[in-house]
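According to the UniProt record's numbering, the sequence shown is numbered sequentially starting from 2. Below you'll find the structure, written out as structure tokens, and then a few comments.
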Amino acid sequence: SAPKILVFSGSSRPGSLNAKLAALAAKKLTAAGAQVTLISLADYPLPLVDATGFGHAPQPAHDLRAQIDAHTGLFIASPEYNAGYAPALKNALDWTSVAKPGAPATGLAGKVVALGGASPGALGAYRGLTQLRTVLELGFGALLIPEMVAVGGADKAFGEDGEITDARTSGFLDAALERLVKLSSQTA
Ligand code: FNR
């Protein structure tokens, strides 16, 4: 059966480059036969997480957690801030673990995850992705595919049609999505 794949950007900024990457990934995953849900973290407004949230998680934390639970694979497009990944993304992920506690955080355990990042800089958020990958593996028990898609020069990388114009970068995205579909079909 078609794997269910959740797609979102770690940035909800209007005009977000990572939202463009997420939208493109969602389009390609749908074309590859996956059942795709593209969400925006803007629809899950959450305060900064801390331990007082245990047993008192706001509804958006439960809703986001339910989205993760309902899918077998994820594609996350993450911005890079000062060589790390975006705090809004960490906040959202941490809230999903507070919504239903467990160790390692259970929501993403066993889910197949592919990471991409877009930035105007040359490294395309790659340094942030290496951090995010470690957190998802060690903290959340997620299964990370080896390919990570870094879209450098991202302010000029997307055509009017939303495609990545550079063939090599576009090929990296295709390869990552192909493996995401394949592996999330196996764990479904
Ligand atoms: C950035 N940006 C950035 N880019 C990068 O490639 N490496 C970096 O270390 C940083 N650091 C950084 C810190 C902070 C606080 C901000 C706000 C931004 C630039 C960043 O990649 C750019 O703003 C992207 O457009 C953010 O992603 P979205 O919002 O377009 O998806």
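A virtual CB, placed ideally from N, CA and C, is assigned to each residue, including glycine.
What's the C-alpha gap between E81 and A20?
Rounded to whole angstroms, E81 to A20 spans 13 Å at the Cα level.
For A43, verify whether its CB is less than 7 Å away from any heavy atom of the ligand FNR.
Checking every heavy atom of the ligand FNR against the Cβ of A43, none is found closer than 7 Å.
Taking only heavy atoms of the ligand FNR into account, decide whether any of them is closer than 7 Å to the Cβ of G34.
Because no heavy atom of the ligand FNR lies under 7 Å away, the Cβ of G34 does not count as near it: no.
Work out the CA separation of G172 and R66 for me, nearest whole Å.
In a straight line, the C-alpha of R66 is about 31 Å away from that of G172.
Taking a contact to mean a Cβ-Cβ separation below 8 Å, would you say P61 touches Y86 in this structure?
Cβ atoms of P61 and Y86: not closer than 8 Å.
For Y82, does the three-state DSSP call read helix, strand or coil?
Note: Y82 maps to strand in three-state DSSP.
Verify whether the separation of the beta carbon atoms of L109 and G142 is less than 8 Å.
A contact, by the Cβ cut-off of 8 Å.
Going by CA-CA distance only, name the one from K28, G16, P59 and G54 that's closest to E164.
Among K28, G16, P59 and G54, the Cα nearest to that of E164 is on K28.
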